[in-house]
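Down below is the structure, laid out as structure tokens.
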Ligand SMILES: Nc1ncnc2c1ncn2[C@@H]1O[C@H](COP(=O)(O)OP(=O)(O)OP(=O)(O)O)[C@@H](O)[C@H]1O
Ligand SMILES: [Mg+2]
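Here you go:
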């Protein structure tokens, strides 16, 4: 009846001794009068899959963007591999995002005019890979995510689940250190969501990619190693369980 | 619910939609305003040509050339007149000498009854010039002023025209001009003066082609702005389809929206055209500025233009929406454009073949019937063909290029073009049309300015020396010498020497005169022969010769080189009574007048046309480039979020503009020159041709490319702002 | 049928935590929150109070004139308070009795002014831990196992949804409890 451990300070208890890959302290961010983040501490450890859940409008996306160096918090710091993201300029953060991070969103992130495989080559080309090599690697990633047969199709010719898997392939193609995913299964049914999540976690674990994942869906969150609950811009619960 | 209230419902409250509609209305307004102003200008060119060409006496009522005016006294219903050019400080004055009977009923345009002998009527601009200078430089040439020529006899407020009254006996039948159109010189008896809008059908053709040239970019602009935000609109329409609207109903809504918007825009455009006409009238075209009334378009025309623009844009919006296949799934399932078909290049090939064929048969001496209309048709086909074949060519090139590109921007841009060849080409189509038109005009104008006065040099005839070619009769030879010596006493004149015809070639001067004129005189010669080429600016070829027994051929008046002295010398010659064959003029004035034709009038407008076409096309380019970015706002925003640098975004925009432009750029220039040659050579049966355009053409090309670059650079900011992280909805 | 499953001993002790009370008032209070389907019998109230006193969790704090058990006022001891806290913050293993017990814990927490949200979060963590376990089990398993796990997952998910919804309605519920 009472096997579950009662957790103390949620975000700090996860530290487990090792230095976290991403470390955020005292994050505060307001949009006008809306306080989206109200003093958040987070640690993300290398190789883990962390889910962020919480009610709509609670600040999950905002937190993700702050962690990824997309938004700059009003207060607080984010350190990635002991480098302060919050002290870098936009160009520096852009470079970091391009080199170290991958992103998957809920929908509509594929360039409509490019075939699936061309879409996957985009971040590789941005990173300076030769076109031929980029195409080869893109095919490998499509294969790994089980959508190789659709590589020549345009996004409009793909199902939602296929398009999401192409998006995951694109995000992972550069073998980022951290993959940020905001509702990657948000518009998919149970089975499609399961396929995308399986592919995503398998691929991430295979390359040692750390994953930060926002989701409303408990079954999607169940693919994570631990869960963080955000409410009203604060973390009300988090840390590894089980 | 009516279509209109539905249309309002789907646009009201949505800021993006309102901005889109405002942009559409503004674009239509600019298009309509320019259209009306240019229409007015064309109309004005015709009516002012009609007003100014009454000075071409052969176009008058029952014209008859008179060889002995003293014997052919004017009756009450005919006058004797001669029309000659006169020069002052580099400007050309049209001078009409009229001899009328005291009871004459023949009206002179802008004057009324012909002036009495010894008096004159001057145009306001000339009157001002006369008042601003000493009489011995200008005013004394014409006598006493009797009045000012009215509007009806003038092409432009800037026209320099003088009508002098004279006795029939003083009219000089051997007097000529040096232009190509000899028939208008000499003395004519006319029963009335009349003008023609177009001197001949060739000019009418040129005018029609010019109108097409300016209309095309305007139409492209209207086409571009009415497509603004097509993707965003398609999304809204998809929602309507989803809740049960039929495709027809959606098309009706699109038509209503476009109709109302373009109506508002067209009204605004008509109003601005009216407000801008006084400013437009200040622009000098050909003969000078316009009278404001010339630029005012008839109310019926305004209504027709407004109704036409609204009807066409509404119909096109309806047709486009009905055939866009907007399903309930909307843009997420958006099909890419149909692949452009190869037959779209047919009009281009047909037009080129037609123009070439017509011109070649004409040049080879067996012109087809209706050359003009065939040329206009060919020109229309080429213009249309450039626009229709652009997407095909762009698609082919992008297809080839897509394999070779390396960078991110290249991959994004080439694939965009491959999927949307029409949309991407449409963005540059205005510029393409402008480059084509600019090339046509620039090449056609070379026919007007092909020759220019020869170079100056210390041994050449000074440009300030006045040449008066004489028509002295044998009986008047002695009188001419006295008259010449009188001219020699004019202040500022250094030498006034009479030369006689040489039996074979050139002019014979007394050796002393030649030496004073600065010519190299062979030692011991009494008289020297000077080759004619010298008087046109050529090198002096002087040889000793025998004393002449021929009539005086030329009166050469060297001056101290100031402009006033030249004008004083000219006035003195005109007043001396010496019988002239040509108006006294410097060699540069003579050379210039030889080139002056009515074509100049239209050439002036081409400069304006180029400017307008280029500006419009830059606007269309900016508008469509912005639209292309806004349509992909979300995806590009997300890519920037993942770390794509802004420079890549810029390169995408650049590549999407540069490729279609580069594809057809050389083609436009080539076809432009070809079309110009066809029009010029075809209409003159090969008597005229075109040559390399001058520097201003390359400047114009460079300017249009620069303007295009500026338009694209202007969209960078919008692109940057609209893909910013804060505006991208990323859930 | 759920009310049967409510751990009514601890729930009564929790109610007692809001202040010393007569058995009669205690019964009314219990019925108001947890006895919609099956009110508590008087006898059960007294036997429970006796059992609580024996465990040292409750004690008699006064007796008024007259006769019968209703004259006795009971209060909670500090040991009793500890017991209530322990109960409240121990998540239930996902099961059919869960809803009623969790509901009882939430209400008691609200009545006592304890963080009810935390009660629910702890429960949520218990659920998600089990979901993760099941998800891991599914990986590479035979289809029958996958289907069995799916069945369990959907059931736990239904609980989770109720928890999430209750969290969202907590302020509403707090107002109702206070009123
Ligand atoms: N650009 C913005 N301008 C103003 N307010 C914003 C902006 N972005 C977010 N917010 C506000 O900040 C709060 C947190 O938003 P956020 O997008 O992080 O929520 P979320 O947890 O991701 O919600 P959801 O699950 O619905 O995606 C919300 O109240 C939202 O209205
Ligand atoms: Mg969100």
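Chains as they are written, first to last, in my numbering: chain Y, 171 to 412; chain A, 31 to 761; chain V, -16 to 162. Built from N, CA and C at the ideal position, the CB exists for glycine as well.
Return yes when the Cβ of residue j is within less than 7 Å of the Cβ of residue i, no when it is not.
{"i": "residue 195(A)", "j": "residue 146(A)", "result": "yes"}
{"i": "residue 195(Y)", "j": "residue 269(Y)", "result": "no"}
{"i": "residue 106(A)", "j": "residue 124(A)", "result": "no"}
{"i": "residue 378(Y)", "j": "residue 205(Y)", "result": "no"}
{"i": "residue 192(Y)", "j": "residue 219(Y)", "result": "no"}
{"i": "residue 648(A)", "j": "residue 739(A)", "result": "no"}
{"i": "residue 87(A)", "j": "residue 113(A)", "result": "yes"}
{"i": "residue 319(A)", "j": "residue 187(A)", "result": "yes"}
{"i": "residue 131(A)", "j": "residue 104(A)", "result": "yes"}
{"i": "residue 93(V)", "j": "residue 157(V)", "result": "yes"}
{"i": "residue 296(A)", "j": "residue 109(A)", "result": "no"}
{"i": "residue 261(Y)", "j": "residue 397(Y)", "result": "no"}
{"i": "residue 457(A)", "j": "residue 444(A)", "result": "no"}
{"i": "residue 414(A)", "j": "residue 377(A)", "result": "yes"}
{"i": "residue 279(Y)", "j": "residue 356(Y)", "result": "no"}
{"i": "residue 272(Y)", "j": "residue 315(Y)", "result": "no"}
{"i": "residue 446(A)", "j": "residue 265(A)", "result": "no"}
{"i": "residue 424(A)", "j": "residue 455(A)", "result": "yes"}
{"i": "residue 384(Y)", "j": "residue 230(Y)", "result": "yes"}
{"i": "residue 340(Y)", "j": "residue 290(Y)", "result": "yes"}
What is the C-beta distance between residue i and residue j, in whole angstroms, given that I count them as a contact (C-beta under 8 Å)?
{"i": "residue 168(A)", "j": "residue 118(A)", "result": "6 Å"}
{"i": "residue 463(A)", "j": "residue 658(A)", "result": "At roughly 19 Å, the Cβ-Cβ gap does not stay under 8 Å, so residue 463(A) and residue 658(A) are not in contact."}
{"i": "residue 282(Y)", "j": "residue 326(Y)", "result": "6 Å"}
{"i": "residue 393(A)", "j": "residue 711(A)", "result": "6 Å"}
{"i": "residue 391(Y)", "j": "residue 256(Y)", "result": "Rounded, the Cβ-Cβ distance is 28 Å, inconsistent with contact."}
{"i": "residue 600(A)", "j": "residue 614(A)", "result": "5 Å"}
{"i": "residue 496(A)", "j": "residue 592(A)", "result": "Wrong, their Cβ atoms sit about 13 Å apart, outside the cutoff."}
{"i": "residue 530(A)", "j": "residue 583(A)", "result": "6 Å"}
{"i": "residue 412(A)", "j": "residue 440(A)", "result": "Between residue 440(A) and residue 412(A) the Cβ distance is about 32 Å, and since that is not below 8 Å, they are no contact."}
How far does the beta strand (DSSP E) with residue i in it reach, from first residue to last?
{"i": "residue 220(Y)", "result": "219 to 223"}
{"i": "residue 218(A)", "result": "217 to 220"}
{"i": "residue 559(A)", "result": "557 to 560"}
{"i": "residue 211(Y)", "result": "204 to 214"}
{"i": "residue 14(V)", "result": "Segment 6 to 17 is the alpha helix (DSSP H) holding residue 14(V); no beta strand (DSSP E) there."}
{"i": "residue 352(Y)", "result": "348 to 352"}
Counting along the chain, where does the alpha helix (DSSP H) carrying residue i start and finish?
{"i": "residue 405(A)", "result": "401 to 434"}
{"i": "residue 134(Y)", "result": "Not covered by the structure: residue 134(Y). The range shown for chain Y is 171 to 412."}
{"i": "residue 68(V)", "result": "61 to 71"}
Give me the chain D residues within the contact set of residue i, using Cβ-Cβ distance strictly less than 9 Å, ordered along the chain.
{"i": "residue 265(Y)", "result": "The question asks about chain D, but that chain is absent: this structure's protein chains are Y, A and V."}
- Residues with a Cβ closer than 5 Å to any heavy atom of ligand 1, in chain order? In chain order, the qualifying residues are 201(Y), 204(Y), 206(Y), 226(Y), 227(Y), 228(Y), 229(Y), 230(Y), 231(Y), 232(Y), 761(A).
- Give the residues from the region 289 to 301 of chain Y that approach chain A closer than 8 Å (Cβ to any Cβ), ordered along the chain. Within the region 289 to 301 of chain Y, the residues whose Cβ lies closer than 8 Å to some Cβ of chain A are 291, 292, 293, 295, 296, 300, 301, listed in chain order.
- With 8 Å as the limit, tell me which residues of the region 344 to 377 of chain Y have their beta carbon closer than that to any beta carbon of chain A; keep them in chain order. Cβ contacts with chain A: 352, 353, 356.
- Query: Using Cβ-Cβ distances below 9 Å, what residues of the region 271 to 284 of chain Y are close to chain A?
  - Reply: Under the 9 Å Cβ criterion, the region 271 to 284 of chain Y contributes 271, 272, 273, 275, 276, 277, 278, 279, 280, 281, 282, 283, 284.
- Message: By the 8 Å beta-carbon criterion, what residues does the region 228 to 244 of chain Y contribute toward chain A?
- Response: Cβ contacts with chain A: 231, 235, 240, 241.
- Task: Using a Cβ-Cβ cut-off of less than 8 Å, give me the residues of the region 426 to 460 of chain A that come near chain Y, in sequence order.
- Result: Answer set for the region 426 to 460 of chain A: 435, 436, 437, 438, 441, 442, 445, 446, 448, 449, 450.
- Mind checking the region 128 to 143 of chain V against chain Y and listing, in chain order, the residues whose C-beta falls within less than 7 Å of any C-beta there? For chain Y, the residues of the region 128 to 143 of chain V that bring a beta carbon within less than 7 Å of one of its beta carbons are 136, 140, 143, in chain order.
- Query: What residues from the region 391 to 407 of chain Y come within 9 Å of chain V, judged by C-beta to C-beta, listed N to C?
  - Reply: Within the region 391 to 407 of chain Y, those residues whose Cβ lies closer than 9 Å to any Cβ of chain V are, in chain order, 391, 392, 393, 394, 395, 396, 397, 399, 401, 406, 407.
- Query: What residues from the region 183 to 215 of chain Y come within 8 Å of chain V, judged by C-beta to C-beta, listed N to C?
  - Reply: Within the region 183 to 215 of chain Y, no residue has its Cβ closer than 8 Å to any Cβ of chain V.
- Which residues, taken in chain order from the region 663 to 685 of chain A, show a beta carbon closer than 9 Å to some beta carbon of chain Y? Those would be 664, 665, 666, 668, 669, 670, 671, 672, 673, 674, 675, 676, 678, in chain order.
- Near-chain Y residues of the region 60 to 72 of chain V - C-beta to any C-beta below 7 Å: Answer in chain order: 72.
- Item | Members of the region 20 to 34 of chain V near chain Y, C-beta cut-off 7 Å | For the region 20 to 34 of chain V, which is checked against every Cβ of chain Y, not one residue is closer than 7 Å.
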